[in-house]
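Trainee: Dumping the structure here so I can ask a few things about it.
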Amino acid sequence: MQADSLSEYLYGLFSGVAQLNTTQLIGVPVGARVQSLAIQGHIVSASIYMPIFYRTIAYTLPVQIDLWLSFNDGLKIQSYDAAFRRLPEALAYIIPKLAPEMSRELNRTYTASNVTDLVSLQVARDICTVSEKYCTGDNQQYSSYDSCTQFILHNVSFGQIWQADQNTGMCRYIQKNVVMFRPNEYCANIGPSGGSTCIDHDYVNVTTDFPFASSLVTVNSSHSGNDTKGLSDKTIDELTRISLEVIYPTTVAFDSIPTIVYFFLLYVSGKFTEAVLGHFSKVFCSLSHEHQRNTVTYVLNTFWTLVALIVQLIAFPMLLERYTMFNIDLVHVATILVSGLYILELTYRPTMRWPLIIHHICTLLAIIFLQIVLQVTSHPAIAVAGLIWLFQATTEQSVFIGLFMYRLRYPKSIVKPTLQFAAVQSFIFKIGFATYLVVWWGIKLASDHTTKFDVALSTVLVILISLLMSTQMYASLLLSYITAKGWSEHSYGSYTVWCVARSMDRHRCSEAIESAATTEVNSSLGLIDEHYIVSDSFALSYYR
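Okay, structure coming up:
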């Protein structure tokens, strides 16, 4: 059945029955259970078990319906095909149960031999009642109620269920359920002419006249036949394969348009930041090319990690194991935002120390591997693990803001407390989310090694975490060695940022100490390289 005018049958057929007070051959659905389901693009194929309730006899009959549905972009049904399984058997089973109640409503005697007559009379009465009520004026089909019953009972056969689309009383009986919605459209179907539906149809034509037009999905299941007209069978087969291809995160021949747009936005935002700082900041113009690029990345990191953090917070119900498709998609978006930012840093910065390079590569590998395992195992706890992990990379805006102000020589009274706050906040958040990740892994993942992919995930997770910790420990030990000779303070971990803030009170800070401090910040914070805090003589003289 095609689109607008007939898709309402799916709803009107049963909703009309629910408003009637007489015994009907068609009951009212009181539930549904999907027994099988297949979805490909806009095409949905389903087999549904649907209990039908007959109110006047208080009886529920199980019915199974097979459906093919075609949806438009607004998720509205534009065409469909439906088949009731074992419908003749269902009617043969329910009619003897309905006949006694029909005889009471018709004030007729019920016997086993007059069931067919009772059903025919009830059908005629229901059709003609609808015709009298809704088919008036230009839509009038019969001169009177009596002429209507006369026609239904004597001029057309009652018909069997397979004749529900023929010139029969059965066809008109089904059509009367949708007349109330659009009399102009459906009154003719219950009249003597049978309209466009209740007319005799040729078997061959009905069998070969598919309910859907052709498309790429299958030869007979979509919008228009123009896209496959004149093509060979082999070509159509290949187009079908293209349309049926399932896209995974690992699919090679696939263009993710949102990801391409995001990388373009990173480029535009970088150029825009360069232009704005170059126009309004004399300090920025006095910096070297390396330091200018570093300063630009402070701004990009602050903005895009904030966007990623907002996306993660919207998906926060996943931490309570409230999984929805929308929340899973948000986690994917957050991984794209962080991955793109890391790749930008790896390509945009002129130089980077190896601990930070290892950190970025390990994080990217972790994201890739989590995506693959989630694709293969569909374990929702993996998505939550990724969500928790990303919080370590998306909660460092205070660090980027402090370093931005440091590089552009904001007043010491502002920069110092900002860096001190950033050091404490970064330390607390990193330790907190790292602990949360390990606990979640231990409870939800490590204890559920049912497949080789689960074991691989745990193994890779431990290896990557170990590598990340190694880079942090290396930088921390190096800093400890240098600061033991140059400073009375002993810096370690996120406390490095605190030490940088305190070093602003000194007359001068050695480049060796600042370089080591930078390495530690990069390794500990995961998003900063040595050029974030490396001093130049002009900047140090400003802070004397």
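For the sequence shown, this note's numbering gives the first residue as 15, with consecutive numbering after it.
Even for Gly, the Cβ is constructed at its ideal location relative to N, Cα and C.
#1: Please state if the CB of Tyr420 and the CB of Val429 are separated by a distance shorter than 8 Å.
#2: Tell me whether Val48 sits in a helix, a strand or coil according to DSSP, three-state version.
#3: Determine the DSSP secondary structure at Phe9, reduced to helix, strand or coil.
#4: Run the CB neighbour count on Asn191, radius 10 Å, all protein chains shown included, and call it buried at 16 or more, exposed below.
#5: Nearest by alpha-carbon distance to Ser472: which of Ala395, Gln439, Leu417, Tyr424 is it?
#6: Report the three-state DSSP secondary structure of Thr273 (helix, strand or coil).
#7: Determine whether the beta carbon atoms of Leu355 and Thr319 lie at a separation below 8 Å.
#8: Return the Cβ separation of Ile402 and Trp368 in integer angstroms, given the expectation that the two are a contact with Cβ distance under 8 Å.
#9: What residues in its chain sit with their C-beta under 8 Å from that of Phe172, if we drop five residues either side in the sequence?
#10: So, under 8 Å CB-CB, Tyr200 and Leu39 are touching, yes? Tell me the CB distance rounded to an integer number of Å.
#11: For Val310, does the count of other Cβ atoms within 10 angstroms reach 16, so buried, or fall short, so exposed?
#12: Can you give the Cα-Cα distance for Leu379 and Pro76, rounded to whole angstroms?
#13: For the pair the stretch 345-359 and the stretch 445-453, tell me if three or more CB-CB distances fall below 8 Å.
#14: What do you get for Tyr25, buried or exposed, if any count of 16 or more other CB atoms within 10 angstroms of its CB means buried?
#15: Are at least three pairs of beta-carbons, each pair with one atom in the stretch 160-178 and one in the stretch 119-127, less than 8 Å apart?
#16: Taking the DSSP output, what are the residues bridged to Ile396?
#17: Pick helix, strand or coil for Gln411, following the three-state DSSP scheme.
#18: So what's Val562 in DSSP terms, helix, strand or just coil?
#19: What span of residues does the alpha helix (DSSP H) with Tyr356 cover, start to end?
#20: Give the straight-line distance between the Cα atoms of Ser29 and Pro65, rounded to the nearest whole angstrom.
#21: Take Arg307 as the anchor and find which of Phe277, Met366, Val266, Leu370 has the nearest alpha-carbon.
#22: By DSSP's criteria, Arg99 is part of a beta bridge. Which residues make up the other side?
#23: So, at 7 Å on beta carbons, what are the nonlocal neighbours of Val297 in its own chain, with the 5 sequence-adjacent residues on each side left out?
#24: Output the distance between the C-alpha atoms of Pro197 and Pro206, rounded to the nearest integer angstrom.
Mentor: In terms of the structure at hand:
#1: yes
#2: strand
#3: One cannot answer for residue 9 here, as it falls past the ends of the chain, which runs 15 to 558.
#4: buried
#5: Ala395
#6: helix
#7: yes
#8: The Cβ separation is near 27 Å, so there is no contact.
#9: Thr130, Val133, Ser134, Val137, Thr182, Gly183, Met184
#10: About 18 Å separates the two Cβ atoms, so there is no contact after all.
#11: buried
#12: 52 Å
#13: no
#14: exposed
#15: no
#16: In DSSP, Ile396 forms no bridge with anything.
#17: helix
#18: Only positions 15 to 558 of the chain appear in this structure, which leaves residue 562 out of reach.
#19: 339-362
#20: 15 Å
#21: Met366
#22: Gln78
#23: Leu422, Arg423
#24: 15 Å
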